[in-house]
Each structure stands twice: as structure tokens, then as C-alpha cells.
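Asks: Each residue of the sequence shown is one higher than the one before, starting from 1 at the first, in our numbering. Think of the CB as a built atom: it goes at the ideal place given N, C-alpha and C, for glycine as much as any other residue.
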Amino acid sequence: MSDVDHGTAPASAGSGLGPDERAELERLRAERARRKRRYFSWRPTVATILVVIALRISAVALAALIFVFWGQPTASPAQPGMAGSL
């Protein structure tokens, strides 16, 4: 392997950068920091809204199933003594 530095070390005062290069480096770092602060993505917001909607719909569906299966009276066998009343 070679002893060549490929720019992976952080730039320090003695790294050989000229004043123009150092100024550009600082400008790029400041621009990147500005972009990171202003970054906003709609993806988490939309995902949260969709999860809330899905939970609401599933709660309504569960309530409907409970009503359908357990809310209506079931047909019970004829009571004794009522067989010939018609």
C-alpha cells in the first residue's frame, strides 16, 4: 500500500489548505449545516396520519363485528308448554 493521504483526515491548520480553499470549505460546511436544520420530510407526518386512520377504521370494524355476532339475540329453543300455542 502507499503512504498517500486521500483526504480522509480532518483538515487542520497545517494541512496545506490555502486561504481560498479554507474559506470555501467553511462556506460549504455552513451551507450543509443550514440544510440539515431546514430539512423537513412529509413522509413521517403522512405515515402517522395513515396509521391513525387505520386504527380508527379497525376499531369501527371490530365494533361492527361484535355487534353482528353478539349484539343480536339468538334463536332460542321453544319454551316448554309453548309448542301448541299457534
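So what's Ser58 in DSSP terms, helix, strand or just coil?
Replies: Residue numbering aside, residue 58 sits at position 58 when the sequence shown is read from its first letter. Reduced to three states, the DSSP call for Ser58 is helix.
Asks: Going by DSSP in three states, Leu17 sits in which element: helix, strand or coil?
Replies: For the purposes of this step, residue 17 is taken as the residue at position 17 of the sequence shown. Here Leu17 sits in coil by DSSP.
Asks: Mapping DSSP to helix, strand and coil, what is Phe40?
Replies: Your numbering for residue 40 matches position 40 in the sequence shown. Reduced to three states, the DSSP call for Phe40 is coil.
Asks: Alpha carbon to alpha carbon, how far is Thr45 from Val52?
Replies: As a first step, residue 45 must be located in the sequence shown, where it is residue number 45. As a first step, residue 52 must be located in the sequence shown, where it is residue number 52. For Thr45 and Val52, the distance between alpha carbons rounds to 11 angstroms.
Asks: Roughly how many angstroms separate the alpha carbons of Ala23 and Thr48, rounded to a whole number?
Replies: For the purposes of this step, residue 23 is taken as the residue at position 23 of the sequence shown. For the purposes of this step, residue 48 is taken as the residue at position 48 of the sequence shown. Those two C-alpha atoms are separated by around 42 angstroms.
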